[in-house]
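First the structure, in the form of structure tokens, and then the observations on it.
Number of protein chains: 2
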Amino acid sequence: MATIKDVAKELGISVSTVSRALNNHPDIKEQTKKEILEVIKRLNYTPNALARGLIHKKTNTIGLMIPDIADPFFSEIANGVEEVLTEVGYQVVYGNTMRNPDKEKLFLSSAKERQMDGLIVTPNFMDEKLLEQFQRLQIPVVFLRRRSPEGLAAPFVDVDHYKGACMAMEHLIGLGHRHIGFIGMPELSFLAELRYQGYVDTMHAHGLTPNPNAITRGGRTIAHGREAMSRICEQNKDLTAIFAANDLLAIGALEWLAIQGIPVPEKMSVVGFDNLEVASLHWIKLTTIAQPRKQMGEEAARIIDRMIREETYQAQSVFFEPELIQRNTCREV
Amino acid sequence: MATIKDVAKELGISVSTVSRALNNHPDIKEQTKKEILEVIKRLNYTPNALARGLIHKKTNTIGLMIPDIADPFFSEIANGVEEVLTEVGYQVVYGNTMRNPDKEKLFLSSAKERQMDGLIVTPNFMDEKLLEQFQRLQIPVVFLRRRSPEGLAAPFVDVDHYKGACMAMEHLIGLGHRHIGFIGMPELSFLAELRYQGYVDTMHAHGLTPNPNAITRGGRTIAHGREAMSRICEQNKDLTAIFAANDLLAIGALEWLAIQGIPVPEKMSVVGFDNLEVASLHWIKLTTIAQPRKQMGEEAARIIDRMIREETYQAQSVFFEPELIQRNTCREV
DNA sequence: CTGAAAGCGCTTACAG
DNA sequence: CTGAAAGCGCTTACAG
Numbered sequence: 001m002a003t004i005k006d007v008a009k010e011l012g013i014s015v016s017t018v019s020r021a022l023n024n025h026p027d028i029k030e031q032t033k034k035e036i037l038e039v040i041k042r043l044n045y046t047p048n049a050l051a052r053g054l055i056h057k058k059t060n061t062i063g064l065m066i067p068d069i070a071d072p073f074f075s076e077i078a079n080g081v082e083e084v085l086t087e088v089g090y091q092v093v094y095g096n097t098m099r100n101p102d103k104e105k106l107f108l109s110s111a112k113e114r115q116m117d118g119l120i121v122t123p124n125f126m127d128e129k130l131l132e133q134f135q136r137l138q139i140p141v142v143f144l145r146r147r148s149p150e151g152l153a154a155p156f157v158d159v160d161h162y163k164g165a166c167m168a169m170e171h172l173i174g175l176g177h178r179h180i181g182f183i184g185m186p187e188l189s190f191l192a193e194l195r196y197q198g199y200v201d202t203m204h205a206h207g208l209t210p211n212p213n214a215i216t217r218g219g220r221t222i223a224h225g226r227e228a229m230s231r232i233c234e235q236n237k238d239l240t241a242i243f244a245a246n247d248l249l250a251i252g253a254l255e256w257l258a259i260q261g262i263p264v265p266e267k268m269s270v271v272g273f274d275n276l277e278v279a280s281l282h283w284i285k286l287t288t289i290a291q292p293r294k295q296m297g298e299e300a301a302r303i304i305d306r307m308i309r310e311e312t313y314q315a316q317s318v319f320f321e322p323e324l325i326q327r328n329t330c331r332e333v
Numbered sequence: 001m002a003t004i005k006d007v008a009k010e011l012g013i014s015v016s017t018v019s020r021a022l023n024n025h026p027d028i029k030e031q032t033k034k035e036i037l038e039v040i041k042r043l044n045y046t047p048n049a050l051a052r053g054l055i056h057k058k059t060n061t062i063g064l065m066i067p068d069i070a071d072p073f074f075s076e077i078a079n080g081v082e083e084v085l086t087e088v089g090y091q092v093v094y095g096n097t098m099r100n101p102d103k104e105k106l107f108l109s110s111a112k113e114r115q116m117d118g119l120i121v122t123p124n125f126m127d128e129k130l131l132e133q134f135q136r137l138q139i140p141v142v143f144l145r146r147r148s149p150e151g152l153a154a155p156f157v158d159v160d161h162y163k164g165a166c167m168a169m170e171h172l173i174g175l176g177h178r179h180i181g182f183i184g185m186p187e188l189s190f191l192a193e194l195r196y197q198g199y200v201d202t203m204h205a206h207g208l209t210p211n212p213n214a215i216t217r218g219g220r221t222i223a224h225g226r227e228a229m230s231r232i233c234e235q236n237k238d239l240t241a242i243f244a245a246n247d248l249l250a251i252g253a254l255e256w257l258a259i260q261g262i263p264v265p266e267k268m269s270v271v272g273f274d275n276l277e278v279a280s281l282h283w284i285k286l287t288t289i290a291q292p293r294k295q296m297g298e299e300a301a302r303i304i305d306r307m308i309r310e311e312t313y314q315a316q317s318v319f320f321e322p323e324l325i326q327r328n329t330c331r332e333v
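So the protein sequences, as listed, match chains A and B.
Mapping of the first sequence onto the UniProt record's numbering: position 126 corresponds to residue 126, and the numbering continues sequentially without gaps.
Mapping of the second sequence onto the UniProt record's numbering: position 58 corresponds to residue 58, and the numbering continues sequentially without gaps.
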């Protein structure tokens with residue numbers, strides 16, 4: 001590949017001058033600049049971003065560490081992030097961790113080695129080693145869709161998962177439901193815990209007792225929802241409603257109910273969480289809790305951008321409000 | 001951030017020695033190495049990948065340029081790519097182009113500036129400027145889910161879209177359908193054209209004439225499918241089947257049919273293309289053409305890796321076979 | 001307006 | 001086994 005030296009040599013001038021032409025420096029003769037630009041084109045020269053980055057101590061790169069880009073939840077967040085960040089000249093590097101702790105650690109090391117300017121992260125589970133890595137990072141970080149861990153002065157952008165779960169439960173209880181089951185995500189997950197707590201606390205707040213037989217935890221897929229629904233239904237004949245901790249689980253539950261011929265919402269009410277696109281499909285029309293996913297991504301991007309530009313900026317965390325989206329899977333009893 | 005100089009100074013030794021410890025060079029005393037490693041840990045030192053890249057002329061970075069990471073089609077491809085590439089030590093940088101020609105060009109420039117080692121790309125529409133950019137790139141490229149353009153000696157990994165479309169049509173015609181509509185994607189798209197050709201050619205091959213009123217082109221979303229189905233149905237009372245150029249369009253069509261109370265497959269048969277997850281949902285069970293998406297991503301990754309490692313490697317293009325997945329949206333007439 | 005020199009943070013022959 | 005020096009491709013004071 002051609003370097004700045006090649007184009008300088010070609011014209012018998014110094015690299016400083018070529019550099020000036022490249023960077024639109026005012027101290028350069030129009031004619032010289034024109035000649036340089038021509039040679040650049042002819043030699044197919046492109047400035048080397050590594051060399052530039054080394055000098056400027058800036059790479060214009062932001063890392064986005066998320067559990068699974070194929071999860072529609074995160075791909076929309078990612079789009080929000082990317083949209084605002086490319087607008088201001090950054091390239092975003094995705095780190096797909098598949099919720100694998102080793103991959104999370106690997107991505108953080110890589111981010112540091114590669115001198116990324118900032119990081120937007122959704123770690124799945126925060127153990128001590130990961131926390132230490134964050135503390136040693138020396139790169140601005142914002143947490144996305146989860147709160148920042150204790151002992152780390154990083155802002156976060158999140159939705160109030162606990163409140164969202166409470167809203168779902170209040171809706172069900174408000175409709176007269178008393179026997180409400182819960183299909184949850186794996187316990188070690190941060191937000192699985194919050195949504196579960198919302199379920200339990202709201203039950204208690206209304207003098208209801210969560211029935212351990214009507215609670216299942218441990219998955220996040222449609223297949224899991226199907227299985228969980230079948231298990232719960234068989235053990236709880238008096239159940240009239242289900243709160244699923246995410247939409248995929250809810251859809252799995254709906255599938256099982258449809259296959260069994262149990263009509264929704266006549267015999268069973270279902271509420272999900274996330275408001276994925278698929279939830280609004282004609283056959284599903286799931287009542288669920290919406291999070292402004294794209295907005296969350298955009299906000300995180302804006303914060304990291306500002307943190308990088310203003311070293312003294314004390315970023316505030318942002319809580320987005322969840323919203324109940326009423327569709328056709330609930331009825332009054 | 002600490003540099004190699006800092007750790008050298010700390011121990012009163014030269015940077016060369018520190019570098020040797022870092023790179024597991026054999027010519028170094030065990031004791032010295034141990035001391036260096038300790039200081040590295042204490043100073044929280046991480047080698048600077050930019051500096052390394054500058055010297056080695058390698059960044060261990062691969063660009064993946066795709067139209068839309070939130071499109072489940074591409075997110076699965078992306079996962080396949082990432083899986084094999086991270087395994088061999090690369091970081092993959094996504095370029096979400098949203099089918100915007102400017103973004104495609106921007107990403108290619110960026111890739112060159114950043115000295116990416118290789119590129120896997122799915123450009124949406126290949127105009128002259130883009131082609132020229134590819135020709136000037138000087139970076140190994142493999143095309144994914146579309147063929148490489150003429151005038152560029154780059155391999156591709158693709159599925160035979162034309163054949164897939166023919167398979168869908170043969171299935172329908174084999175079931176006795178004669179009046180078959182087509183819901184297509186925007187005409188400028190590369191594969192939209194191929195799938196459309198498959199529709200037209202198969203009709204002709206069976207002595208059938210495609211009816212312009214039963215053909216619609218121009219979208220790729222569920223909303224579009226809904227609208228297209230309504231338009232086609234209103235103008236073609238004798239229609240018994242629809243071939244939709246992708247699953248989202250097919251699902252939109254199914255939605256409209258469901259809303260109108262037109263039973264599928266009793267009154268209307270529908271075939272899609274892509275075999276998205278959502279196509280197998282209990283309420284949809286769409287008959288469609290499957291492409292081995294993840295495998296395609298993996299294969300592209302393997303090819304680019306080998307192209308980078310072996311300069312003389314003459315990569316062969318790979319065609320994956322499409323497959324008809326029969327579910328519940330077609331019947332014999 | 002232009003060039004020579006130093007430096008960004010590292011690696012790698014070369015000499016000892 | 002260790003260090004001094006050159007160099008990767010650029011930018012940026014500084015001098016002229």
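Idealized CB from N, CA, C, for every residue including glycine.
- Relative to A/VAL121, the option among A/ARG136, A/VAL157 and A/GLU113 whose CA is nearest is A/VAL157.
- With its beta carbon less than 8 angstroms from one in chain B, A/LYS112 belongs to the interface.
- Annotation for B/ASN328: no alpha helix (DSSP H) segment contains it, and DSSP assigns it neither H nor E.
- If you draw a straight line from the Cα of B/ILE183 to the Cα of B/GLY225, it comes to about 7 angstroms.
- For A/MET169, the uninterrupted alpha helix (DSSP H) run begins and ends at 161-174, by DSSP.
- Secondary structure at A/PHE107: helix, using DSSP grouped into helix, strand and coil.
- Rounded to the nearest angstrom, the gap between the Cα atoms of A/ARG302 and A/VAL141 is 12 angstroms.
- With a minimum length of 3 residues, the unbroken runs of beta strand (DSSP E) contained wholly in the region 16-86 of chain B fall at 61-66.
- DSSP, read as helix, strand or coil, puts A/VAL88 in coil.
- Close to chain A, meaning a Cβ-Cβ distance shorter than 7 angstroms, is no residue of the region 8-30 of chain B at all.
- Residues GLU35, ILE36 and VAL39 of the same chain have their beta carbon placed closer than 7 angstroms to that of A/LEU11, with the five preceding and five following residues left out of the count.
- For B/VAL93, the secondary structure class from DSSP, reduced to helix, strand or coil, is strand.
- Assigned with DSSP and collapsed to three states, A/ALA290 falls in strand.
- Identification of residues in the region 310-331 of chain B having a C-beta nearer than 9 angstroms to some C-beta of chain A yields an empty set.
- Of all residues in the region 162-181 of chain B, none comes within less than 8 angstroms of chain A when Cβ atoms are compared.
- At a Cβ-Cβ threshold of 8 angstroms, B/ALA245 and B/ALA290 do not count as neighbours.
- Ranked by Cα distance from B/ILE55, the options A/ILE55, A/ASP71, A/SER110 and A/ALA51 are led by A/ALA51.
- Between the beta-carbon of B/ILE62 and that of B/LEU119 there is about 7 angstroms, and that keeps the pair under the 8 angstroms contact cut.
- A direct Cα-Cα distance of roughly 43 angstroms separates A/ASP127 from B/ILE251.
- DSSP places B/GLY184 within a strand segment (E or B) once states are collapsed to three.
- Per DSSP, B/ALA315 is not a residue of any alpha helix (DSSP H), being assigned neither H nor E.
- For B/ALA250, the uninterrupted alpha helix (DSSP H) segment begins and ends at 247-260.
- Residue contact check for A/SER230 against chain B: no CB pair falls below 8 angstroms.
- Straight through space, the alpha carbons of B/MET268 and B/THR240 are spaced by roughly 5 angstroms.
- Here the region 208-228 of chain B makes contact with the region 167-179 of chain B; the two share three or more CB pairs at distances below 8 angstroms.
- Secondary structure note for A/VAL271: its beta strand (DSSP E) is the uninterrupted segment 269-271.
- Annotation: B/LEU286 to B/THR329 spans about 5 angstroms, alpha carbon to alpha carbon.
- Contact with chain B is found for A/TYR94, since one of that chain's Cβ atoms lies less than 8 angstroms from the residue's Cβ.
- Within chain B, ASN44 and THR46 have C-beta atoms less than 9 angstroms from the C-beta of A/ARG136, given in sequence order.
- By the CB criterion at 8 angstroms, A/PHE273 and A/LEU172 fall outside the cutoff.
- In chain order, LEU281, HIS282 and TRP283 make up the part of chain A whose C-beta sits under 9 angstroms from the C-beta of B/GLU255.
- Leaving aside the five residues that flank B/ALA154 on each side, the residues in its chain whose CB is nearer than 7 angstroms to its CB run, in chain order, VAL141, VAL142, PHE143 and SER148.
- Listed by position along chain B, the residues whose Cβ is nearer than 9 angstroms to that of A/ASN211 form an empty set, because the closest Cβ is around 27 angstroms away.
- For the C-beta of B/ASN79, the chain A residues within less than 9 angstroms are, from N- to C-terminus, ASP68, ILE69, ALA70, ASN96 and MET98.
- In the structure shown, B/ILE232 falls within a helical segment according to DSSP collapsed to helix, strand and coil.
- If you look at B/LEU144, you'll find it in the beta strand (DSSP E) that goes 141-144.
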